[in-house]
Amino acid sequence: MQDTTTRPADLPASSADSESTYRAIFDAVNDAIFIHDGTTGRIVDVNRTMCELFGYTHAEALNLSVQQISAGEGFSDEEAQRLIRLAATEPQVFEWHCRDRGGRTFWAEVSLRRAPIAGDERILAVVRDISRRRDAEHALRRSERRYRTIIEDLPDLVCRYRPDMTITYVNDSYARCFGRARGELVGTSFLDLIPPRERDLVRAQLDLLGPRLLTGTYEHQVIAAKDERRWQRWTNRALVNEEGHVVEFQGIGQDITEQRRATEALRESEERLRSITDNAPDYIMLLDLEYRIQLINRTVPDLKPEDVIGRSILDFVPEENHARIRACFKRVLKTREPDGYDTEYVAHDGTRTTFKSRVGPVLRGDEVVAFALASSDVTRRRETEERLRRTNEKERLLLRELDHRVRNNLASLVSLVDLTRRSAESIDEFANAIRGRVHAMSTGHELLSRSSWAGLGLRRLIRSLAPPGTAGAVATEGETIQVPAEQVSSLAMVLHELYMNSAKHGALAAKGGHVEVTWTARPLPDGGSDVSLRWRETDGPAIDDAVSPRVGTSLIEGLARSDLQGDVTFAYPASGADHRLTMTFAPVRRDRS
């Protein structure tokens with residue numbers, strides 16, 4: 028991250044303004060953020076986006092277990108602890124099935140990484156809602172109250188003690204602070220209530236007091252009630268006698284624990300928020316009221332920080348978006364509530380990146396003095412959504428087409444059953460005939476399913492329908508051509524009948540018999556094809572001169588003239604069957620997804 032933290036004259040400069048600035052940035056981050064204790068895995072802080080995304084208050088979130096906000100099985104608290112331990116040495120990125128307080132489930136991408144904060148080992152968890160990103164909409168006042176609770180109206184503590192540190196007097200506030208009765212404290216050593224490592228420092232401070240320096244103020248820790256370590260500021264006065272000897276000390280103490288904690292919390296808050304901006308996947312910026320960039324955590328690859336600092340955010344978006352972006356900033360200025368917009372960034376090479384931006388106000392009192400802007404690269408998400416839309420459309424068309432074909436095939440099957448029944452001489456003959464024809468239809472459907480119903484190669488269809496054990500007796504020759512999906516089933520039944528006739532009466536019924544299938548195709552202007560197919564058998568048994576048409580040949584003729592939009596001629600020379608089939612193939616649908 029480039030250090031671009033120089034503030035302009037009209038931006039916040041005090042500690043409180045710095046806290047407000049960083050918290051405004053924290054408020055504008057689009058992702059939910061958890062901060063875990065690196066040792067125990069306990070949640071020690073969350074951002075507002077997390078509260079909005081999961082539906083819990085800040086206080087409730089600190090007591091949540093990972094199991095409570097996980098959907099489904101397989102992501103237990105033990106697994107969460109394991110990932111947190113791994114993140115202490117190497118960043119972890121994974122997808123997580125979440126559940127909010129109302130029971131809504133959603134998928135999120137989680138990035139875990141180690142982030143030392145104020146000397147403590149923390150694990151930063153950035154949770155991005157993959158299905159629908161939620162942005163921060165509330166102020167961080169609750170977080171500020173937790174980190175900046177200051178109690179400044181505590182009564183003073185009063186104590187007197189001799190030079191040997193023996194306590195001679197304490198007031199009630201002193202006694203309450205240390206959880207002991209006043210009588211129990213008198214006669215004990217003042218140093219007994221100070222941590223051992225600070226006792227020498229306190230004694231050295233008191234040794235400086237005397238006739239020449241009567242008072243001194245210093246701060247140190249004390250061991251308060253219930254062994255609590257607290258910070259106190261003491262103003263000590265040396266009480267001297269007429270000879271100039273110190274006979275007693277009088278101390279007035281104030282508990283400054285909350286002040287010290289508030290100062291430390293502010294420092295930790297700034298470090299934490301800086302760590303968040305350093306590790307966040309978003310582009311986070313601070314803009315003045317003229318939309319000029321004052322701070323930025325990182326830049327797009329073709330720009331450097333010096334290329335953007337001081338320039339208007341409008342310089343980096345297409346001009347047609349300027350009015351819409353200005354309107355967004357004006358709404359934030361008027362309502363003092365976060366708002367957002369989508370836009371594109373066009374790189375020098377023409378590459379377009381889509382950003383989802385969130386604008387939040389930076390307040391000084393009730394006045395908006397700057398804008399915090401967080402922009403997320405959503406290009407891949409938008410592309411994924413478009414691919415999903417096309418996929419859904421494709422599935423819808425396929426299902427509609429499948430429904431249409433199933434209806435047609437069922438109608439064809441009914442006709443086929445009737446036709447086969449009229450010619451069958453026995454139940455077994457009927458069953459075998461109908462079984463083979465239905466199997467041919469099934470084979471065509473299975474092959475189409477594998478090709479996503481986008482058509483089927485003619486050669487593949489011919490070879491797939493060859494009876495078992497006859498593949499070596501069947502030769503094919505012809506150019507590569509696709510059979511349209513809507514004509515595969517009809518052509519499959521035609522080929523099945525030719526195979527069955529050959530296996531019963533022709534070349535495939537004799538050892539050494541051969542079938543040669545050849546074809547040619549002529550393209551049509553509409554993308555379809557005129558196909559001429561020849562079925563020629565050799566080395567088979569002699570053919571009976573008195574061949575009479577049967578159901579199989581009638582079926583072939585019917586399918587050739589209707590579904591295949593062609594014709595068929597049967598010939599039975601002495602060398603073997605020699606049939607010619609003409610077909611008109613419709614244009615084959617191409618998958619454009």
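First residue of the sequence shown? That's 28 in the working numbering, and the numbers climb one at a time after it. Glycine included, each C-beta is placed from N, C-alpha and C at the ideal position.
Could you check where the beta strand (DSSP E) with residue i kicks off and where it finishes?
i           : result
residue 541 : 541 to 550
residue 63  : 59 to 64
residue 192 : It is not in any beta strand (DSSP E) - residue 192 carries neither H nor E in the DSSP assignment.
residue 122 : 119 to 126
residue 246 : 242 to 250
residue 264 : 256 to 267
residue 133 : 132 to 141
residue 209 : It is not in any beta strand (DSSP E) - residue 209 instead sits in the alpha helix (DSSP H) that spans 209 to 212.
residue 606 : 605 to 612
residue 594 : 594 to 596
residue 556 : 556 to 565
Given this structure, state the Cα-to-Cα distance separating residue i from residue j, to the nearest angstrom.
i           : j           : result
residue 252 : residue 121 : 46 Å
residue 517 : residue 583 : 9 Å
residue 234 : residue 363 : 56 Å
residue 174 : residue 109 : With a pLDDT of 32 at residue 174, under the threshold of 50, the modelled position of this residue cannot be trusted, and the question is left open.
residue 489 : residue 114 : 58 Å
residue 351 : residue 486 : 59 Å
residue 381 : residue 310 : 13 Å
residue 334 : residue 184 : 57 Å
residue 611 : residue 123 : 54 Å
residue 97  : residue 103 : 8 Å
residue 331 : residue 107 : 38 Å
residue 268 : residue 276 : 12 Å
residue 137 : residue 366 : 25 Å
residue 411 : residue 328 : 23 Å
residue 561 : residue 373 : 59 Å
residue 198 : residue 262 : 16 Å
residue 513 : residue 615 : 9 Å
residue 79  : residue 483 : 52 Å
residue 408 : residue 285 : 46 Å
residue 608 : residue 503 : 15 Å
residue 40  : residue 265 : Confidence at residue 40 is low in this model, with a pLDDT of 49, below 50, so the placement of that residue should be treated as unreliable; the coordinate-derived value is given next. Going by the C-alpha atoms only, they are around 41 Å apart.
residue 515 : residue 525 : 15 Å
residue 141 : residue 117 : 8 Å
residue 511 : residue 88  : 59 Å
residue 274 : residue 220 : 21 Å
residue 588 : residue 556 : 16 Å
residue 177 : residue 247 : Here the model assigns residue 177 a pLDDT of 26, short of 50, so the residue's position is not dependable, and the following value carries that caveat. Computed Cα separation, rounded: 18 Å.
residue 158 : residue 133 : 7 Å
Taking all protein chains shown into account, do 16 or more other C-beta atoms lie within 10 angstroms of the C-beta of residue i, making it buried, or fewer, making it exposed?
i           : result
residue 278 : buried
residue 69  : exposed
residue 415 : exposed
residue 541 : buried
residue 377 : exposed
residue 90  : exposed
residue 74  : buried
residue 601 : exposed
residue 148 : exposed
residue 375 : exposed
residue 326 : buried
residue 151 : buried
residue 167 : With a pLDDT of only 41 at residue 167, under 50, the local geometry of the prediction cannot be trusted, and no value is derived from it.
residue 472 : buried
residue 533 : buried
residue 324 : buried
residue 528 : buried
residue 469 : exposed
residue 322 : buried
residue 161 : With a pLDDT of 44 at residue 161, under the threshold of 50, the predicted position of this residue should be treated as unreliable, though the coordinate-derived value follows. Buried, because 16 or more other Cβ atoms sit within 10 Å of the Cβ of residue 161.
Which residue comes first and which comes last in the alpha helix (DSSP H) that contains residue i?
i           : result
residue 312 : First-last for residue 312: 310 to 314, but that is the beta strand (DSSP E), not the alpha helix (DSSP H).
residue 234 : 223 to 234
residue 585 : 578 to 588
residue 149 : Run containing residue 149: none in the alpha helix (DSSP H); it sits in the beta strand (DSSP E), 149 to 156.
residue 112 : 104 to 114
residue 80  : 75 to 81
Please determine whether the Cβ atom of residue i lies at a distance below 6 Å from any heavy atom of the ligand NAD.
i           : result
residue 470 : This structure lacks the ligand NAD; in fact it carries no ligand of any kind.
Which runs of the beta strand (DSSP E), 3 residues or longer, sit entirely within the stretch 326 to 353? none
Continuous alpha helix (DSSP H) assignments of at least 4 residues falling wholly in the stretch 470 to 539: 485 to 491, 512 to 532
Validate contact between the stretch 219 to 236 and the stretch 313 to 323 using beta carbons, cut 8 Å, 3 pairs: no
I'd like the ranges of any alpha helix (DSSP H) spanning at least 4 consecutive residues and lying wholly in the stretch 374 to 413. none
Inter-stretch contact (C-beta, 8 Å, three-pair minimum) for the stretch 193 to 209 and the stretch 222 to 230: no
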